[in-house]
Amino acid sequence: MQEIKGIAKYIVDNLVKRTLELSQGRNVGCFGFVDNEGYVSTTTELIDGGLSGIPLRILLDKITSMDNKSMIEGLESLPDNAVFISTRPGKTGLITNLSGVDFFNLPIISIGVKNEGLAGVGVVYPEDEYFDWLTESEKMDINTLASKTMEEEKEVLRKNNELVLQLLDVSRELQIVDLPENPPYYRQNPESTWNVPRVQVNSIDKEMAENLVKHSIEVGQGREVAALGRLKDGKIFPEGKTVEGGMGYVPSRLLASSLVDVSGKSLREIYRSDVPEDAVIVHTHPGGTGVMHIGDANAGPGTWGRPIVAIGHDKEGNIKGATVVENTEKLHQLAEEDESLNLEFFKVETQEEESQVRNRKFGIAQEYTSLCKPIEIN
Numbered sequence: 505m506q507e508i509k510g511i512a513k514y515i516v517d518n519l520v521k522r523t524l525e526l527s528q529g530r531n532v533g534c535f536g537f538v539d540n541e542g543y544v545s546t547t548t549e550l551i552d553g554g555l556s557g558i559p560l561r562i563l564l565d566k567i568t569s570m571d572n573k574s575m576i577e578g579l580e581s582l583p584d585n586a587v588f589i590s591t592r593p594g595k596t597g598l599i600t601n602l603s604g605v606d607f608f609n610l611p612i613i614s615i616g617v618k619n620e621g622l623a624g625v626g627v628v629y630p631e632d633e634y635f636d637w638l639t640e641s642e643k644m645d646i647n648t649l650a651s652k653t654m655e656e657e658k659e660v661l662r663k664n665n666e667l668v669l670q671l672l673d674v675s676r677e678l679q680i681v682d683l684p685e686n687p688p689y690y691r692q693n694p695e696s697t698w699n700v701p702r703v704q705v706n707s708i709d710k711e712m713a714e715n716l717v718k719h720s721i722e723v724g725q726g727r728e729v730a731a732l733g734r735l736k737d738g739k740i741f742p743e744g745k746t747v748e749g750g751m752g753y754v755p756s757r758l759l760a761s762s763l764v765d766v767s768g769k770s771l772r773e774i775y776r777s778d779v780p781e782d783a784v785i786v787h788t789h790p791g792g793t794g795v796m797h798i799g800d801a802n803a804g805p806g807t808w809g810r811p812i813v814a815i816g817h818d819k820e821g822n823i824k825g826a827t828v829v830e831n832t833e834k835l836h837q838l839a840e841e842d843e844s845l846n847l848e849f850f851k852v853e854t855q856e857e858e859s860q861v862r863n864r865k866f867g868i869a870q871e872y873t874s875l876c877k878p879i880e881i882n
């Protein structure tokens, strides 16, 4: 990606105007496209942010049809000259969070919006060094949990704060230029032909399951552990090393490092090119029976296209069961409906309408749980 010289004034104006109209702290986003002169001169249709920020499936659908696609499959349809643009209500445009660069592997443009209007425009580019910082940040979050003394925790927090200070200098201000207005971009590139193979998981190797649970008990305090396994004839076999997570989560970069080298690579690169297509995410559920929820589904097949397995166990290490959520059309349909409801929430006019939206969101969460399929441990 060439260096971006500037962004069209009409794009900035439209984003700021829409953000001020939405108010309520809601942001607005789109994909922009860098022309041959180095300027962001065209964008997709602007997408309103909802309860969880910009609905990414709805946004990606402006690039390629997201029917029955995971996020990573949609990302692979992005043109090489794409950038991700979003507004930041109440902020100045300074970028100190690299998660967007990591996920999209694209330049990120942030437009700060204050009550009086535009507050600044910042840009940050994907850099190998930044991806390694993110890996270190994930490790520090986990190390905080692993600290055994106050002094150890102080040292981890001190290093984390040093990293936070480094992030103050990753972005720089982007010039706003007068350019002719262009019509919105809509699916102008060929449809992506890359898809993660849809597979069925029937069982998991018993020794792998037992080793994960043993490790989970050793790290203690309800912390999850995980590994990437490989699927053969419907059965998961151990392949990667076990990585330690936190309370109810395992960070995506550390998870991938179970099997592949994540140095200097974005999450998009890692899960597109390095993690095998027949990989399966396997993690523990301390205190549970293996039943998963919407968060598990999004952290697995919803985003990365790979099935996710949970192994439930008690505090003594007795396995209570295992389930899988696979990469299915129903999964993606629920994700699309959930994103739509996050926007619908702001359109309701009565308490009855809001109750209907909230009840349906609860219903979607229940349907995610029903996607869990029990598998054998043998």
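In the numbering used here, the protein residues as written are 505 to 882.
Glycine included, C-beta positions come from ideal geometry on N, C-alpha and C.
Exercise. Is it the case that the Cβ atoms of M570 and G557 are separated by a distance below 8 Å?
Worked result: No, Cβ-Cβ distance for M570 and G557 is not below 8 Å.
For this session: In the DSSP assignment, find the unbroken beta strand (DSSP E) run with G809 in it and report its ends.
Result: Taken as a continuous stretch (DSSP letters only), G809 belongs to no beta strand (DSSP E), as it is neither H nor E.
Problem set entry | Integer Cβ distance of H817 from T788, believed to fall under 8 Å | Contact holds; Cβ gap of about 6 Å.
Exercise. For the region 737-748 against the region 703-712, are there 3 or more C-beta pairs whose distance is under 8 Å?
Worked result: Because the criterion of three Cβ pairs below 8 Å is met, the region 737-748 and the region 703-712 touch.
For this session: For I646, I'd like the list of residues in its chain whose CB is within less than 8 Å of its CB, leaving aside the five on either flank, ordered along the chain.
Result: Taken in chain order, the residues that qualify are E748, G749, G750, P755, L758.
For this session: For D636, collect the residues of the same chain with a Cβ closer than 7 Å to its Cβ; drop the 5 residues on either side in sequence, then sort them by chain order.
Result: Only residues of its own chain outside the window of five on either side were considered, and among them S767, G768 have a CB closer than 7 Å to the CB of D636, listed in chain order.
Problem set entry | Buried versus exposed, by CB contacts within 10 Å (16 or more), G794 | By the 10 Å Cβ count, G794 comes out buried.
Problem set entry | For V668, the three-state DSSP class (helix, strand or coil) | In this structure, V668 counts as helix in the three-state DSSP scheme.
Exercise. For the ligand MN, any of its heavy atoms closer than 7 Å to the Cβ of E848?
Worked result: With respect to the ligand MN, the structure shown offers nothing to examine, as it has no ligands at all.
Exercise. Less than 8 Å separating the beta-carbons of A803 and I815?
Worked result: Contact flag unset, no.
Problem set entry | Best match in I612, D606, I798 for proximity to G533 [C-alpha to C-alpha] | Measuring from the Cα of G533, the nearest candidate turns out to be I612.
For this session: Using beta-carbon positions only, say whether T746 and A731 come within less than 8 Å of one another.
Result: In this structure, the beta-carbon distance from T746 to A731 falls below 8 Å.
For this session: Kindly indicate the opening and closing residues of the alpha helix (DSSP H) around R727.
Result: In the DSSP annotation of this structure, R727 is not part of any alpha helix (DSSP H); the continuous beta strand (DSSP E) holding it starts and ends at 727-736.
Exercise. Should S777 go down as buried or exposed, given a rule of 16 or more other Cβ atoms within 10 Å for buried?
Worked result: Exposed: under 16 other Cβ atoms inside 10 Å.
Exercise. In chain order, what residues of the same chain have a beta carbon less than 7 Å from the beta carbon of L771, not counting five sequence neighbours either side?
Worked result: Contacts found: D606, F607, S756, R757.
Exercise. When burial is assigned at 16 or more other CB atoms within 10 Å of the CB, is S614 buried or exposed?
Worked result: With 16 or more other Cβ atoms inside 10 Å of its own Cβ, S614 counts as buried.
Problem set entry | Identified DSSP bridge partners for M751 | The partner list for M751 (beta bridge, DSSP) reads R727.
Exercise. Which of helix, strand or coil does DSSP assign to F635?
Worked result: For F635, the secondary structure class from DSSP, reduced to helix, strand or coil, is helix.
Exercise. Can the beta-carbon of I511 be found less than 8 Å from the beta-carbon of I680?
Worked result: Cβ distance < 8 Å, so I511 and I680 count as in contact.
Exercise. Hey, L763 and P805: beta-carbon distance below 8 Å or not?
Worked result: Contact: no.
Exercise. For the beta strand (DSSP E) that V628 lies in, which residues bound it at each end?
Worked result: Note, V628: beta strand (DSSP E), 621-628.
For this session: Provide the residue span of the alpha helix (DSSP H) that contains A869, from first to last.
Result: Unbroken alpha helix (DSSP H) run through A869: 855-874.
Exercise. If you count every other CB in all the chains shown that lies within 10 Å of the CB of N665, and 16 or more means buried, which is it?
Worked result: Classification of N665: exposed, given that the 10 Å Cβ count is below 16.
Exercise. Does DSSP put E840 in a helix, in a strand, or in coil?
Worked result: In this structure, DSSP gives E840 a helical state, which the three-state scheme calls helix.
Exercise. In three-state DSSP terms, what is K618?
Worked result: It is a strand residue.
Exercise. Taking the DSSP output, what are the residues bridged to H495?
Worked result: For residue 495 there is no data in the structure shown, the boundaries of the chain being 505 and 882.
Exercise. How about T475 and C876: do their beta carbons lie closer than 8 Å?
Worked result: Residue 475 lies beyond the stretch modelled for the chain, which goes from 505 to 882, so this question has no answer here.
For this session: Buried or exposed for V786, please, with buried defined as at least 16 other CB atoms from any protein chain shown within 10 angstroms of its CB.
Result: It is buried - the Cβ of V786 has at least 16 other Cβ atoms within 10 Å.
Exercise. Quick one: what's got a C-beta closer than 8 Å to Y690's C-beta in the same chain, skipping five residues either side?
Worked result: Within the same chain, and ignoring the five residues on either side of Y690 in sequence, the residues whose Cβ sits closer than 8 Å to its Cβ are T548, E549, K566.
Exercise. Which value, in whole angstroms, describes the spacing of the CA atoms of N846 and R676?
Worked result: CA-to-CA, the gap between N846 and R676 works out to about 32 Å.
For this session: Please go through the region 509-566 and give each complete beta strand (DSSP E) segment of 3 or more residues, from N-terminal end onward.
Result: With a minimum length of 3 residues, the continuous beta strand (DSSP E) runs that stay inside the region 509-566 are 510-512, 532-538, 543-547.
Exercise. If we ignore side chains and look at the alpha-carbon of each, how far apart do R530 and D517 end up?
Worked result: Looking at the backbone, the Cα of R530 and that of D517 are separated by about 16 Å.
Problem set entry | CA-to-CA distance, D782 to M575, given in whole angstroms | So the alpha carbons of these two residues sit roughly 17 Å apart.
Exercise. At what residues does the beta strand (DSSP E) containing G825 begin and finish?
Worked result: Counting along the chain, the beta strand (DSSP E) containing G825 begins and ends at 823-829.
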